[in-house]
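Here is the structure we will look at.
There are 2 protein chains.
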Amino acid sequence: MALDEVVALAKALSDENRIRILASLRNGERCVCQVIELLALAPSTTSKHLAILKQAGLVQSRKEGRWMHYRLTTSSGTSPAEEAIRWVIANLENDPRIVADDRQLDSILSVERAELCCRQREGRRCC
Amino acid sequence: MALDEVVALAKALSDENRIRILASLRNGERCVCQVIELLALAPSTTSKHLAILKQAGLVQSRKEGRWMHYRLTTSSGTSPAEEAIRWVIANLENDPRIVADDRQLDSILSVERAELCCRQREGRRCC
DNA sequence: CCTATATTTCGTCATATGGCGAACTATAGG
DNA sequence: CCTATAGTTCGCCATATGACGAAATATAGG
Numbered sequence: 149m150a151l152d153e154v155v156a157l158a159k160a161l162s163d164e165n166r167i168r169i170l171a172s173l174r175n176g177e178r179c180v181c182q183v184i185e186l187l188a189l190a191p192s193t194t195s196k197h198l199a200i201l202k203q204a205g206l207v208q209s210r211k212e213g214r215w216m217h218y219r220l221t222t223s224s225g226t227s228p229a230e231e232a233i234r235w236v237i238a239n240l241e242n243d244p245r246i247v248a249d250d251r252q253l254d255s256i257l258s259v260e261r262a263e264l265c266c267r268q269r270e271g272r273r274c275c
Numbered sequence: 149m150a151l152d153e154v155v156a157l158a159k160a161l162s163d164e165n166r167i168r169i170l171a172s173l174r175n176g177e178r179c180v181c182q183v184i185e186l187l188a189l190a191p192s193t194t195s196k197h198l199a200i201l202k203q204a205g206l207v208q209s210r211k212e213g214r215w216m217h218y219r220l221t222t223s224s225g226t227s228p229a230e231e232a233i234r235w236v237i238a239n240l241e242n243d244p245r246i247v248a249d250d251r252q253l254d255s256i257l258s259v260e261r262a263e264l265c266c267r268q269r270e271g272r273r274c275c
């Protein structure tokens, strides 16, 4: 039912950290450990946010060994979820926090994934 | 800031009753008493929902004596709120609850506003 | 197979949200 | 002005949400 879908999508979008996740995925898929690093949240919390976005149909996931990658949903191009993603991204341009996230994401992506996870284990923030 | 605005709009849209309110306004402004009747919620609850929608910029209000009218926001036509309204309405087409609401709203609009408020005072649902 | 480890699930806590009724506010009309 | 009344605000309660750490799961690699 469309009413339920609209509400479910809006609920998924009604959290700042989840919006930041969507923004971080707009230029390509990211590994969970990279999202954890960007948000500086506990792995369990980050995983829950990703699960909520996936449940709402806003992101899709791909498993690669021990690593899990998430990306923005692409399907027909005209689904409610995809329209919502476009609305979100379009309204985020030039937001200072998103710009800062973009910069930090560059740093995160410049680190080897294994090295990033290693640093996270040892409780050090890498960037 | 755009991030805050996106989250605020999504929060305002993340409740079924508030979506039903937006749908009920899509063909013109409505009086609070008419919205109360449609949702079958307490006046205080309905008023709070309308205040949340107004705070988010999704609806505007107009006072006419003791009566207050709400309508969907119209401004530039390309504001985040207006884009959100279009997204919501477009995805609600043919939803059975919205169709039922539309029918009930016809009934409500066929009753004199004073008569509607009178019935509400006496605790009777009119439709 | 055994160990290490990336991610998820579970349990718990603090806070946010949505509901109501009672009290308050503002305005129409006697 | 006094009363009635449409709507809002306030105080309260039950439930939902987001945070964390601990425990569980799944997989790579010795």
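Protein chains in written order, with the numbering used here: chain A, 149 to 275; chain B, 149 to 275.
Beta carbons: idealized from backbone N, C-alpha and C, even for Gly.
query: Is the beta carbon of B:Trp235 less than 8 Å from the beta carbon of A:Glu231?
result: Indexing the second sequence from 1 puts residue 235 of chain B at position 87. Indexing the first sequence from 1 puts residue 231 of chain A at position 83. Closer than 8 Å, so yes.
- prompt: Would B:Glu231 count as contacting chain A if we go by Cβ distances under 8 Å?
  reply: Locating residue 231 of chain B in the second sequence gives position 83, where the first residue counts as 1. By the rule that beta-carbons nearer than 8 Å mark a contact, B:Glu231 touches chain A.
field: Separation of B:Asp254 from B:Lys211, as counted between CA atoms
entry: Here the question's residue 211 of chain B lines up with position 63 in the second sequence. Here the question's residue 254 of chain B lines up with position 106 in the second sequence. Counting only the Cα atoms, B:Asp254 lies some 22 Å from B:Lys211.
Under 8 Å from the C-beta of B:Asn175: neighbouring residues of chain A: Within the second sequence, the letter at position 27 stands for residue 175 of chain B. At a beta-carbon threshold of 8 Å, none of the residues of chain A lie near B:Asn175; the nearest stands roughly 17 Å away.
query: Is the beta carbon of A:Leu198 less than 8 Å from the beta carbon of A:Ile233?
result: By 1-based counting over the first sequence, the position of residue 198 of chain A is 50. By 1-based counting over the first sequence, the position of residue 233 of chain A is 85. Judged by their CB atoms, A:Leu198 and A:Ile233 are not nearer to each other than the 8 Å cut-off.
task: Could you check the C-alpha separation between B:Cys265 and B:Ala171 for me, to the nearest Å?
output: Working through the second sequence from its first residue, we reach residue 265 of chain B at position 117. Working through the second sequence from its first residue, we reach residue 171 of chain B at position 23. For B:Cys265 and B:Ala171, the distance between alpha carbons rounds to 22 Å.
field: Under the three-state DSSP convention, the category A:Arg245 falls into
entry: For the purposes of this step, residue 245 of chain A is identified with residue 97 of the first sequence, where counting begins at 1. A:Arg245 carries a helical assignment under DSSP once its states are collapsed to helix, strand and coil.
query: Out of curiosity, what's the CA-to-CA distance linking B:Arg174 and B:Leu189?
result: Numbered from its first residue, the second sequence carries residue 174 of chain B at position 26. Numbered from its first residue, the second sequence carries residue 189 of chain B at position 41. When rounded, the distance between both Cα atoms is 20 Å.
- prompt: Closest Cβ-Cβ distance between A:Glu164 and chain B: below 8 Å?
  reply: Along the first sequence, read from residue 1 onward, the residue named residue 164 of chain A stands at position 16. Closer than 8 Å to the CB of A:Glu164 there is at least one CB belonging to chain B.
query: Whole alpha helix (DSSP H) runs in the segment 207-252 of chain B with 4 or more residues, listed along the chain?
result: When DSSP assignments are scanned along the segment 207-252 of chain B, the uninterrupted stretches of alpha helix (DSSP H) that are 4 or more residues long and fall wholly within it turn out to be 228-238.
Burial state of B:Glu260 (16 or more Cβ within 10 Å): Along the second sequence, one-based indexing puts residue 260 of chain B at 112. So B:Glu260 counts as exposed.
- request: Report yes or no: is there a C-beta of chain A within less than 8 Å of the C-beta of B:Leu151?
  value: Your numbering for residue 151 of chain B matches position 3 in the second sequence. Cβ-Cβ to chain A under 8 Å: yes for B:Leu151.
task: Kindly say whether B:Glu240, judged by its beta-carbon, lies nearer than 8 Å to any beta-carbon of chain A.
output: Here residue 240 of chain B corresponds to residue number 92 of the second sequence, with the count starting at 1. Sequence check: residue 240 of chain B is Leu here, not Glu. Judged by the 8 Å Cβ criterion, B:Leu240 is in contact with chain A.
query: Looking only at C-alpha atoms, which of B:Asn165, B:Ile200 and B:Gly176 sits nearest to B:Ile184?
result: Here residue 184 of chain B refers to the residue found at position 36 of the second sequence. Per the Cα distances, B:Asn165.
message: Let's test the definition: count the other Cβ atoms within 10 Å of the Cβ of B:Asp243 and tell me whether it reaches 16, buried, or not, exposed.
response: Taking the second sequence and counting its residues from 1, the one referred to as residue 243 of chain B is at position 95. That one is buried.
query: How close, in whole Å, do the beta carbons of B:Gln203 and B:Ile256 come, if the pair is a contact with beta carbons under 8 Å?
result: The residue you call residue 203 of chain B lines up with position 55 of the second sequence. The residue you call residue 256 of chain B lines up with position 108 of the second sequence. That pair is no contact at about 25 Å.
task: Apply the 10 Å Cβ neighbour rule to B:Pro228 and answer buried if 16 or more other Cβ atoms are within range, or exposed otherwise.
output: Taking the first residue of the second sequence as 1, we reach residue 228 of chain B at position 80. Buried, because 16 or more other Cβ atoms sit within 10 Å of the Cβ of B:Pro228.
query: So, helix, strand or coil for B:Leu173, using DSSP?
result: In the second sequence, the residue the question calls residue 173 of chain B occupies position 25. Here B:Leu173 carries a helix assignment [DSSP, helix/strand/coil].
query: From A:Cys275 to A:Ala248, what does the alpha carbon distance come to, in whole angstroms?
result: Against the first sequence, residue 275 of chain A aligns to sequence position 127. Against the first sequence, residue 248 of chain A aligns to sequence position 100. Residue placement at A:Cys275 is poorly supported in this model, since its pLDDT is 41, which falls under 50; the coordinates still yield a value, given next. When rounded, the distance between both Cα atoms is 12 Å.
message: Is there a Cβ of chain B sitting closer than 8 Å to that of A:Leu161, yes or no?
response: Residue 161 of chain A sits at position 13 when you count from the first residue of the first sequence. Output row for A:Leu161: interface = yes.
message: DSSP has A:Cys179 in a bridge; who is on the other side?
response: Indexing the first sequence from 1 puts residue 179 of chain A at position 31. Note: A:Cys179 sits in a beta bridge opposite A:His217.
- request: Could you have a look at B:Cys274 and say whether DSSP puts it in helix, strand or coil?
  value: Here residue 274 of chain B corresponds to residue number 126 of the second sequence, with the count starting at 1. Bear in mind that a pLDDT of 46 at B:Cys274, under 50, signals an unreliable position, so the number given afterwards is only what the model happens to contain. If DSSP states are grouped into helix, strand and coil, B:Cys274 belongs with coil.
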